[in-house]
Structures are given as structure tokens and as C-alpha cells.
Amino acid sequence: MKKTIQFYQCLVFCLICSAVWAQNKNKELISFQKSFPDFVSKKMKKHNVIGANVAVVVDNEVVLDKGFGFSDLKSGRKSTVDTKYPIGSVSKVVTSTAVLKLYSDGRIDIDRPYTDYVSDFEMKKHFSGPINFTVRHLLSHYAGLPRLLAKGFLKKRPLPLDSLLRNSRNEYLIAPAGKAYQYSDWGTDLLALLVQRVAKMPYEEFVVSNVFKPLQMGNSGFGPVETKGYINGKETPTYGYSWSGSDGVYSTASDLAKLCQVYFNKNVNIHNPFLKPDVVKQAVTLQFMDAPMAYNTQIGLMWEIQQYNGFKRVKKGGIHEPFYTYIFYVPEYNASVIVCSNSNASSQLHWNVWSKVFDFLSKKYGLKGNLPPIKRKSGKVNLTTSQMKELGGSYSTNLGILNLEPAGKKFNATLGLDKQKGTATPHEDNLLKLSVKMMGIKVHAMDMFWDKVGDELIVGEQYESGRRNIGGAKISNTTIPESWQRAVGTYEVVNYDAIDYQTIDKVKLSINEYGVLELRVHLLYPGETEFQLGLSPISNSLAIIPGYNFEFFGGETVELIKGDVFELKLSGYKLQKLEK
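Residue numbers 1 to 580, in full-length UniProt numbering, belong to the letters of the sequence shown in order.
See below:
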């Protein structure tokens, strides 16, 4: 009898402790819910963000879903939870979800070649062997496709997805499947075409009826929205259309939270999951880690994955200038935060919001944060004369042309359009530490790694974590054929259609001070900027822009057409040389 009483006393004590613990945890949640909206409003003001909506899910429960600021500043229309935002590249995870739905339902196999489903796909290539990229390659940006076909990517009215095939026949792959990561809108739109072919209905119709409807994403769809966009606080029209698969969806933060829940460890529809558990697991697992140029690329099936201690942060961001959308979620803890905004200054807001939510999650679950940095050797080394000679030269990179000139035990370095000068000092583990002078003071600029893969010399950035990311390749063919020498000059686009936004103004072809063939591309829309691209001629009429993982044009082929007037073909543009 005494033991029974003691047992019940112990049980009551445990229940009381559990109730106190739960009450304290509930107080933390209530405190977060009260303080968080004020935090968002302050950060919006700081970063000049006009309107946004934010959704936060913790343990599969929506703890915040709120609109902030204005969807139309001039009329005074406020942003609400139902305000629709173009979500830019977040559209890609809508497309990947549609593809994975077909996979989960047994209608496709993502490890079969893409041409098994779209048999009339064709593309040119400079390498030998068949075009054999799979659906998985496309989902992970390892198919060897360029970033996008720049001409016609932004349109005033939509074009049918099948027109992608006509574009593909006239362009070149940048690498064999599985060799290098290259983020690709083009590849995602080919996935949308696959959905259309397999489902035997328009891609947009399939997504609405088979993704949005079952997930109860009632505020999501395709096409323009009424919400106004702002650049530096000034109302600025956005472009009308892009391709639906990579940049065509509008949505809300709360709708995107429902999409995230599909990929949580604890599915809200546990008895009838939208995707099979194994498919979800693949989606948030790093892909192609053993690829020749994988380095530390952190990509799942379209989702970007950051590994932490015992959990992962999964992310996807999107820009439909000037609209920005970011998704962050932690599948192990069934938690997400989504921010949709209408201002180009909002990128920092999204990271502020994630950091605040992550702080709350860390306290709630005792999360321990980042993994230890990758241990790498870091001492200075003296390269041999032959190594210095091999590394010296010009590289086409995502920051412009990098020139390394051997100077004793170091390299004199020049980088980019502004010809920033500095020194690159060799260190262990194929590392170059780049320093520049600013106001007469030597400043460490970046850690840059190099590697030789086959017959290519690769460069990229090494981060404080030790993680490496490919960013360029050496311009190997520096002997410039006479045809290209004669073609030097300024070119303008001559093949704009009525539905095209005029994205490029002029292109200048020149031979720079290092004897390298160089293209300077002046971009007008959606934001004015200039690209500096190094060219490696491979014939009298073809040249390659060496490099991978560029924002634009990396790995693409430029074609020179000789006639009464010199013409260039670049990423769908036809450019004609101007008379002096």
C-alpha cells in the first residue's frame, strides 16, 4: 500500500513538472508572438521595405500569419495575409513539387533520361557522347544546361512551353551531365514541359489542380498581380511574364507555408501524405556530392540545404524584380518562416526575420547551430616555376575577368571591370589569398581556391567555414583567330520581338591589355549593370565563355557570323556590328 502511494505521489509530481514546463514553453511562444510583429515592422522601416507578408510555422502550427505595410502605397491599400506576390525563383520549388508528385505517384522515374519523356528535345554540344541527363540532374541543376536563354526570358505576354525546344536546338550545353553545378532556369522550365507532356494537360493547369488545390493553396496561381513593386521606395513596374516553371507563380506567405509542410518530417497528412516519405527524404538530401566539380555545393532536389548540428535548414529564394520572396524551413522540427515582399531592398529583411525565428527555435529545441568549419591546411607554400606558369593567365569568373601574373613567389592580380589590383599569395590545399590596397592599406579581400579537373583549371571562393564554391575557369585558348580580331567593335541587338523587354543595350567585343578576347554586355532591364566576360575562341566562328555557376552567360557559346556586316549570336540575341 505504501509503495502504491509513493508511486502515485511520484506520478503527480511528474505531471506537475510537465505542466510547469509546458506552461513556460507556452509563455515563450506567447512572448515571441507579441514581440515579433514589432520586430518585423522596425526592420522594414530600416530597410525601406514598403509591403510584406510573413508566415511562421512551429511544430506544424501556424504561430504567425500577418501582412505588413502597403501593397499599394499611393492608394493606401495595406498588405494583408491574402496579398498576392510574384515569387520569382521560388516558382522552381513549385515545379519540382509537381515533378515529384508524378514521381511519387509512379508516373515517372527521375533517374531515367529526360528524353524518355520529351523525346524531341535536342541541343548542341562541344563534348563527345550522347545527351543523357536525367530528370534528377535537372532537379539538382547538374544537367549541364546554361543559366537561361537571356533573350525572351522576360516577356510582355506568355509563350507556349513547347517553344523552349526551338530555342534549345539553336544553343549549346555547357557541360556533360553530372559534371558541374549550374543553377538553371532553363532546366526548370524543361521540367515544366515534362509535366505538361506526361500529364497531357497544360503545366499551369496541372499545378493548380494537382498541387495548389490539394494543398489548399487558394491564393496561388500564375500571371501578373495587382500588388505594386518598389525600388528604393519608388513605385516601379515589374515585367509581365517569364516562363511559368522558373518564374511564373504568384502566392502568399501562408500558402507557401503549406507547401513547406509537405517536406516536414512530421507530415500533417500522415495517413495520406501528398508525397511518399522516401520522395520527401530524397528532396531534402544533398545530391551529386561526388560530381567532379561538386566541391561543397549544397543542393537537394531544387532545395538549397545547409547542414547544422543534428538538423538542416532548407531554403529557396526568389526575385521577380522588385519583388523578393524567401522560404526557410527546418524539416526535423516541422518549422518554417516565409517572407514575401514588394521591395528590392528587402533581402536583408528576410535574413533578419529568419535569424529572429531561428533564435526562438534554438531556445525552444536546444539547437546547437553550425557544424565546425572544414579543417584545411593554411600555411604559405612556394609553388614550382611550372606551377606558377600554369596558374598564371586570365580567368573568366562570376566577378569579371581575373588576371594572375607571376611575380616571384606571388601573383599580381587584376579583377573585374574596375581593374581592382592586388596580390594573390599561394597557400596549402590549392589556396590563393587575395589582398588589395584600399587607401594605401593592404586588405585581405578573399580566399580563392584553384583546381585542375581534366584539362580545365577551375577557380572559386573558399569561405570562412572552409566550404568551397566554383566561380570560374581559365581562358585556355588565348590565340585569337583573325576572324575574331577583325570582328572587334560595338554591337547592338537587332532581333527584339514586340513581346520582348529590351534587356540588353549594346555589347562591346575587344582584345584587352592581357591579349584576351573580351565581351562587355550592357544590361538595361530589369536593372542597369554591365557584365565583363572572357572568351576562349575554339574556331574561326565559335568562342566559349569559360566558367560555371555564373549569374548569367557562364559556359555559353558565342557565334560569329561573317557577312557584309559582322554579327554575333549570344544567348538568343542576334547582335550586329555598328559602323564606326
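Ideal Cβ placement from N, Cα and C applies to all residues, glycine included. As the structure is a prediction and not an experimental result, all values here were calculated from the model.
Practice problem: List the endpoints of the continuous beta strand (DSSP E) containing E456. | Solution: Position 456 of the sequence shown, counted from the start, is the residue given in the question as residue 456. 456-462 is the span of the beta strand (DSSP E), which, as asked, contains E456.
Exercise. Would you list, in sequence order, the uninterrupted beta strand (DSSP E) runs of no fewer than 3 residues that lie entirely inside the segment 278-319?
Key: 304-307
Quiz item: Distance, Cα to Cα, D497 vs W186?
Solution: Counting from one through the sequence shown, the residue named residue 497 turns up at place 497. Counting from one through the sequence shown, the residue named residue 186 turns up at place 186. Cα to Cα, D497 sits roughly 20 Å from W186.
Quiz item: CA-CA distance, Y514 and A407?
Solution: The residue labelled residue 514 in the question sits at position 514 within the sequence shown. The residue labelled residue 407 in the question sits at position 407 within the sequence shown. Their backbone Cα atoms lie some 15 Å apart in a straight line.
Quiz item: Looking only at its own chain, which residues have a Cβ that is under 7 Å from the Cβ of L417, when we skip the five neighbours before and after it?
Solution: As a first step, residue 417 must be located in the sequence shown, where it is residue number 417. Around L417: G400, E530, Q532.
Quiz item: Which ranges does the alpha helix (DSSP H) cover as unbroken runs of at least 4 residues, wholly within the segment 61-149, from first to last along the chain?
Solution: 91-104, 135-139
Quiz item: In three-state DSSP terms, what is F553?
Solution: As a first step, residue 553 must be located in the sequence shown, where it is residue number 553. Of the three classes helix, strand and coil, the one that applies to F553 here is coil, per DSSP.
Quiz item: Is there contact here, the segment 541-556 with the segment 464-484, by at least three beta-carbon pairs under 8 Å?
Solution: yes
Quiz item: Roughly how many whole angstroms lie between the Cα atoms of P160 and G106?
Solution: For the purposes of this step, residue 160 is taken as the residue at position 160 of the sequence shown. For the purposes of this step, residue 106 is taken as the residue at position 106 of the sequence shown. Using only the alpha carbons, I get a separation of about 27 Å.
Quiz item: Opposite K234 in the DSSP bridges: which residues?
Solution: As a first step, residue 234 is located in the sequence shown; it is residue number 234 there, counting from the start. Paired residue(s): I231.
Quiz item: Is N217 helix, strand or coil by DSSP?
Solution: Working through the sequence shown from its first residue, we reach residue 217 at position 217. Asn is not the amino acid found at residue 217; the sequence shown has Met there. It is coil, neither helix nor strand.
Quiz prompt | Cβ shell of K276 (< 8 Å), same chain only, five flanking positions each side left out | solution = By 1-based counting over the sequence shown, the position of residue 276 is 276. Cβ neighbours of K276 beyond the five flanking positions: S104.
Self-check item: Pair within 9 Å by beta-carbon distance, F110 and L367
Solution: On the sequence shown, position 110 is the one that residue 110 refers to. On the sequence shown, position 367 is the one that residue 367 refers to. It is Ile, not Phe, that sits at residue 110 in the sequence shown. Not a contact, by the Cβ cut-off of 9 Å.
Practice problem: Give the range of the beta strand (DSSP E) segment to which Y365 is assigned. | Solution: Position 365 of the sequence shown holds residue 365. Unbroken run through Y365 is the alpha helix (DSSP H), 347-365; no beta strand (DSSP E).
Exercise. Would you mind listing the beta strand (DSSP E) stretches within the segment 396-479 that are 3+ residues and don't spill past its ends, in chain order?
Key: 400-407, 410-415, 420-427, 431-438, 441-453, 456-462, 468-474
Quiz prompt | With 16 other Cβ atoms within 10 Å as the buried cut-off, status of R166 | solution = Your numbering for residue 166 matches position 166 in the sequence shown. Under this definition R166 is an exposed residue.
Self-check item: Among N265, A52, G422, nearest to L440 - alpha-carbon criterion
Solution: Numbered from its first residue, the sequence shown carries residue 440 at position 440. Note that residue 440 corresponds to Gly in the displayed sequence, not to Leu. It is G422 whose Cα lies nearest to the Cα of G440.
Quiz prompt | Between the CA atoms of N265 and S362 - distance to the nearest angstrom | solution = By one-based count along the sequence shown, residue 362 stands at place 362. By one-based count along the sequence shown, residue 265 stands at place 265. Their backbone Cα atoms lie some 18 Å apart in a straight line.
Practice problem: Run the CB neighbour count on Y395, radius 10 Å, all protein chains shown included, and call it buried at 16 or more, exposed below. | Solution: The residue labelled residue 395 in the question sits at position 395 within the sequence shown. Buried, since its Cβ has 16 or more Cβ neighbours within 10 Å.
Quiz item: Just the Cα atoms here: how many angstroms apart are I131 and T227?
Solution: The sequence position of residue 131 within the sequence shown is 131, counting from 1. The sequence position of residue 227 within the sequence shown is 227, counting from 1. Each residue's alpha carbon lies about 42 Å from the other.
Quiz item: If K380 sits next to P426, beta carbons under 8 Å apart, how far is it from one beta carbon to the other, in whole angstroms?
Solution: What you label residue 380 is simply residue 380 of the sequence shown in a count that begins at 1. What you label residue 426 is simply residue 426 of the sequence shown in a count that begins at 1. Correct: roughly 7 Å between the Cβ atoms.
Quiz item: At least one CB of chain B closer than 9 Å to the CB of S341: is that the case?
Solution: This model lacks chain B altogether; it includes just one protein chain.
Self-check item: Identity of the residues DSSP links to R520 by a beta bridge
Solution: Walking along the sequence shown from the start, residue 520 turns up at place 520. DSSP output for R520 lists K508, Q532 as bridge partner(s).
Quiz prompt | Residue span of the alpha helix (DSSP H) that contains K258, given as start and end | solution = The count along the sequence shown starts at 1 and reaches residue 258 at position 258. Its alpha helix (DSSP H) spans residues 253-261.
Quiz item: Mind checking N272: buried by the 16 CB within 10 Å criterion, or exposed?
Solution: Along the sequence shown, one-based indexing puts residue 272 at 272. Flag for N272 reads exposed.
Practice problem: Compute the Euclidean distance between the alpha carbons of F274 and F212, then round it to the nearest angstrom. | Solution: Taking the first residue of the sequence shown as 1, we reach residue 274 at position 274. Taking the first residue of the sequence shown as 1, we reach residue 212 at position 212. Their Cα atoms are separated by approximately 11 Å.
Quiz item: Quick one: is K437 buried, meaning 16 or more other Cβ sit within 10 Å of its Cβ, or exposed?
Solution: In the sequence shown, the residue the question calls residue 437 occupies position 437. With fewer than 16 Cβ atoms within 10 Å of its Cβ, K437 is classed as exposed.
Quiz item: Can you tell me whether DSSP reads S571 as helix, strand or coil?
Solution: In the sequence shown, residue 571 corresponds to position 571, counting from 1. In the structure shown, S571 sits in coil (DSSP, three-state: anything other than H, G, I, E or B).
Practice problem: Out of E528, K46, L139, N512, point me to the one whose CA is closest to G245's CA. | Solution: Counted from its first residue, the sequence shown places residue 245 at position 245. For G245, the nearest C-alpha among the options comes from L139.
Quiz item: Is it the case that the Cβ atoms of V56 and L256 are separated by a distance below 9 Å?
Solution: Here residue 56 is taken as the residue at index 56 of the sequence shown, counted from 1. Here residue 256 is taken as the residue at index 256 of the sequence shown, counted from 1. Cβ distance not < 9 Å, so V56 and L256 don't count as in contact.
Self-check item: Residue(s) in a DSSP beta bridge with E492
Solution: Residue numbering aside, residue 492 sits at position 492 when the sequence shown is read from its first letter. The partner list for E492 (beta bridge, DSSP) reads K506, Q576.
Quiz item: When the Cα atoms are used, what is the spatial distance from L100 to V135?
Solution: If you number the sequence shown from 1, residue 100 lands on position 100. If you number the sequence shown from 1, residue 135 lands on position 135. Approximately 10 Å between the Cα atoms of the pair.
Exercise. Output the boundary residues of the alpha helix (DSSP H) element that contains Y203.
Key: Working through the sequence shown from its first residue, we reach residue 203 at position 203. Taken as a continuous stretch (DSSP letters only), the alpha helix (DSSP H) holding Y203 covers 203-207.
Quiz item: Where does the unbroken alpha helix (DSSP H) through G187 begin, and where does it stop?
Solution: Along the sequence shown, one-based indexing puts residue 187 at 187. Note, G187: alpha helix (DSSP H), 185-199.
Quiz prompt | Cβ contact check for the segment 228-236 and the segment 184-199: 3 or more pairs under 8 Å | solution = no
Exercise. Could you round the C-beta distance between Y308 and G369 to whole angstroms and report it? I think they count as a contact, below 8 Å.
Key: Translated into positions along the sequence shown, residue 308 becomes position 308. Translated into positions along the sequence shown, residue 369 becomes position 369. At roughly 6 Å, the Cβ-Cβ gap stays under 8 Å, so Y308 and G369 are in contact.
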